[in-house]
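Enquirer: Protein sequence lines correspond, in order, to chains A and B. Heads up, the first sequence is in full-length UniProt numbering, so the first residue is 1 and it goes up one at a time. Heads up, the second sequence is in full-length UniProt numbering, so the first residue is 1 and it goes up one at a time. We treat Cβ as the ideally placed atom computed from N, Cα and C, and that holds for glycine. The structure under discussion is supplied below as structure tokens; questions concerning it will follow.
Protein chains: 2
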Amino acid sequence: MPTPVRPPRRHGAELERALLQAAREELAAVGYANLTMEGVAARAHTGKQVLYRRWHSRADLVIAAVRAQTGSIADHVPDTGTLRGDVLGVLAWAARRWHDFGPDTIHGVLADLPDLDPRTFVMMEDVMTTILKRAAARGEIATADLEPRVVTLPSTLIRHEMLLTTTPVTEQTCIDIVDHVFLPLVHAVAGPARGRPPG
Amino acid sequence: MPTPVRPPRRHGAELERALLQAAREELAAVGYANLTMEGVAARAHTGKQVLYRRWHSRADLVIAAVRAQTGSIADHVPDTGTLRGDVLGVLAWAARRWHDFGPDTIHGVLADLPDLDPRTFVMMEDVMTTILKRAAARGEIATADLEPRVVTLPSTLIRHEMLLTTTPVTEQTCIDIVDHVFLPLVHAVAGPARGRPPG
DNA sequence: TTCGTTAGAGACGATGCGTCTCTAACGCGA
DNA sequence: TCGCGTTAGAGACGCATCGTCTCTAACGAA
């Protein structure tokens with residue numbers, strides 16, 4: 001009888017990539033709620049211990065898997081020439097990113113983790129600050145020195161939308177947020193630079 | 001030997017109240033993540049079947065338990081005489097309510113339920129509309145006919161705060177939201193009624 | 001008083017957890 | 001080239017909880 005072929009043993013970065021890939025596939029196949037360490041291990045043709053050696057929990061694994069897939073917003077700061085276009089670009093990026101996770105994944109990770117790594121939010125604030133500074137330099141607004149809560153307002157609203165509505169976040173949602181909330185507020189507290197008319 | 005005393009069998013509304021009470025006690029004792037149907041049943045001195053007969057899942061049970069405890073915001077619409085005071089009152093009520101749930105309960109319920117009952121949000125919008133109409137009647141603002149996204153802005157922001165920060169929502173948080181975001185925006189899009197100076 | 005319902009209690013198989021054990025493949029240093 | 005230490009791959013294990021099922025007796029309604 002033929003000896004069954006054994007694939008070579010993977011290790012290091014190659015193995016880790018395969019594990020994260022398996023986690024993403026399992027996530028897409030069964031959803032976060034039904035994702036099990038055993039399922040991921042089976043899909044990766046390995047044992048659970050290999051997973052537990054690297055990540056403490058299901059939530060850690062999934063976060064690592066999604067992080068490894070999508071880049072950072074900091075590497076894709078929009079620069080369209082207008083404040084409105086830039087903010088819409090940021091919101092579109094955020095919407096796509098959260099869509100990649102999927103609502104049930106977000107809810108599940110929030111529930112499984114005691115507290116959330118705030119890096120994502122800080123990054124978002126940095127990007128918004130960059131955009132506002134450029135708008136101020138162009139003379140679109142008088143100053144980029146705004147209350148933190150104002151700076152983070154668009155990303156906060158889009159995040160709330162993703163967390164508490166089942167419907168997908170549309171382009172129109174982003175436009176509403178920018179045109180009906182963010183821009184009116186910014187122009188109210190940091191009106192257009194002198195010498196330039198609004199809108 | 002003495003026959004062990006058997007308490008009389010409960011039923012109807014009395015039993016249901018006892019079950020919800022047991023669920024609340026169990027929730028406070030072990031938290032949502034560690035709450036089990038068996039634990040609640042044991043605390044209520046009954047069997048699991050009695051629970052499953054009434055609620056399909058852990059999340060259904062917990063929601064029912066908390067709903068039965070706290071009232072509705074619609075029954076406590078603030079009326080302080082100023083728009084600012086009223087909105088702060090609403091936010092304080094919301095903060096207390098969410099605090100009663102606890103962050104881990106909120107996250108857990110969001111994860112366990114496929115989609116959320118939107119009644120809470122609609123109620124919040126109704127209350128805000130009432131407050132804004134009174135402010136318009138007083139002449140504080142020119143009109144109460146605002147974009148839905150503007151009307152729900154304060155409750156949206158406080159909800160986001162509860163969902164994504166671990167720190168408790170303080171009075172100062174509510175004040176920041178009202179003074180730095182909501183009121184400037186409202187005055188920008190529905191400035192003070194003619195003949196009255198702002199602030 | 002009878003009869004149908006269901007509370008209270010616990011057994012049951014299934015599932016996934018996180019740990020533990022084992023063997024052999026593999027990388028590295030001598 | 002060889003030998004040693006690490007760890008991938010595989011699965012067994014005990015435990016907890018799930019949701020279902022069964023049974024008896026208490027209770028309300030007729």
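Determine the contact status of residue 131 (chain A) and residue 90 (chain A), defining contact as a CB-CB distance below 9 Å.
Expert: yes
Enquirer: Is it right to say residue 115 (chain A) is buried, meaning 16 or more other beta carbons lie within 10 angstroms of its own, or is it exposed?
Expert: exposed
Enquirer: Could you have a look at residue 184 (chain B) and say whether DSSP puts it in helix, strand or coil?
Expert: helix
Enquirer: Short check: CB of residue 157 (chain B) to CB of residue 156 (chain A), under 9 Å?
Expert: A contact, by the Cβ cut-off of 9 Å.
Enquirer: DSSP on residue 35 (chain B), reduced to helix/strand/coil?
Expert: coil
Enquirer: Would you report the Cα separation of residue 63 (chain A) and residue 109 (chain A), rounded to the nearest angstrom?
Expert: 8 Å
Enquirer: What residues in the segment 96 to 118 of chain B have a beta carbon less than 7 Å from any beta carbon of chain A?
Expert: Flagged, chain order: 107, 108, 110, 111, 115, 116.
Enquirer: Apart from the five residues on each side of it in sequence, which residues of its chain come closer than 8 Å, Cβ to Cβ, to residue 93 (chain A)?
Expert: 73, 76, 78
Enquirer: Which residue comes first and which comes last in the alpha helix (DSSP H) that contains residue 154 (chain A)?
Expert: Per DSSP, residue 154 (chain A) belongs to the alpha helix (DSSP H) from 153 to 164.
Enquirer: Closer than 8 Å is the cut-off here; do at least three beta carbon pairs connect the segment 161 to 177 of chain A with the segment 93 to 108 of chain A?
Expert: yes
Enquirer: Span of the alpha helix (DSSP H) holding residue 14 (chain A)?
Expert: 12 to 30
Enquirer: So which residues on chain A does residue 159 (chain B) lean against when the C-beta distance must stay under 8 Å?
Expert: 160, 164
Enquirer: Would you mind sorting residue 30 (chain B) into buried or exposed? The rule is 16 or more other CB atoms within 10 Å of its CB.
Expert: exposed
Enquirer: Give the interface partners of residue 244 (chain A) over in chain B, defined as CB-CB distance under 7 Å, in chain order.
Expert: No answer is possible for residue 244 (chain A): the residues shown for chain A start at 1 and end at 199.
Enquirer: With 16 as the cutoff for other CB atoms within 10 Å, does residue 26 (chain B) come out buried or exposed?
Expert: buried
Enquirer: Label residue 159 (chain B) either buried or exposed according to how many other C-beta atoms from any shown protein chain fall within 10 Å of its C-beta, with 16 as the threshold for buried.
Expert: buried
Enquirer: At 7 Å on the CB atoms, spell out the chain A contacts of residue 27 (chain B), in chain order.
Expert: The contacting residues do not exist; residue 27 (chain B) stays about 14 Å from chain A at best.
Enquirer: Cα separation between residue 60 (chain B) and residue 111 (chain A)?
Expert: 16 Å
Enquirer: At a Cβ cut of 7 Å, what residues of the segment 145 to 158 of chain B count as close to chain A, listed as they run along the chain?
Expert: 147, 149, 150, 153, 156, 157
Enquirer: Which residues of chain B have a Cβ atom closer than 8 Å to the Cβ of residue 181 (chain A), listed in chain order?
Expert: 147, 149, 150, 153, 185
Enquirer: Mind listing the chain B neighbours of residue 176 (chain A)? Cutoff is C-beta to C-beta under 7 Å, in chain order.
Expert: What residue 176 (chain A) touches in chain B: 149.
Enquirer: With a Cβ-Cβ cutoff of 9 Å, do residue 58 (chain B) and residue 37 (chain B) count as a contact?
Expert: yes
Enquirer: Please confirm whether residue 33 (chain A) has its beta-carbon closer than 9 Å to some beta-carbon of chain B.
Expert: Cβ-Cβ to chain B under 9 Å: yes for residue 33 (chain A).
Enquirer: Considering residue 286 (chain B), what are the terminal residues of the alpha helix (DSSP H) in which it resides?
Expert: What is shown of chain B runs 1 to 199, which leaves residue 286 (chain B) out entirely.
Enquirer: Should residue 189 (chain B) and residue 99 (chain A) be called a contact, given that it needs their Cβ atoms to be closer than 9 Å?
Expert: no
Enquirer: Mind checking which residues open and close the alpha helix (DSSP H) that includes residue 171 (chain B)?
Expert: In the DSSP annotation of this structure, the continuous segment of the alpha helix (DSSP H) that includes residue 171 (chain B) starts and ends at 171 to 176.
Enquirer: Between A:52, A:145, A:106, which lies nearest to residue 41 (chain A) when the distance is taken from Cα to Cα?
Expert: A:52
Enquirer: Whose C-beta lies closer than 8 Å to the C-beta of residue 126 (chain A) among residues of the same chain, with five residues either side of it excluded?
Expert: 74
Enquirer: Taking residue 65 (chain B) as part of the alpha helix (DSSP H), name the residues at either end of that continuous run.
Expert: For residue 65 (chain B), the enclosing alpha helix (DSSP H) stretches over residues 58 to 69.
Enquirer: In angstroms, rounded to a whole number, what distance separates the CA positions of residue 44 (chain A) and residue 6 (chain A)?
Expert: 14 Å
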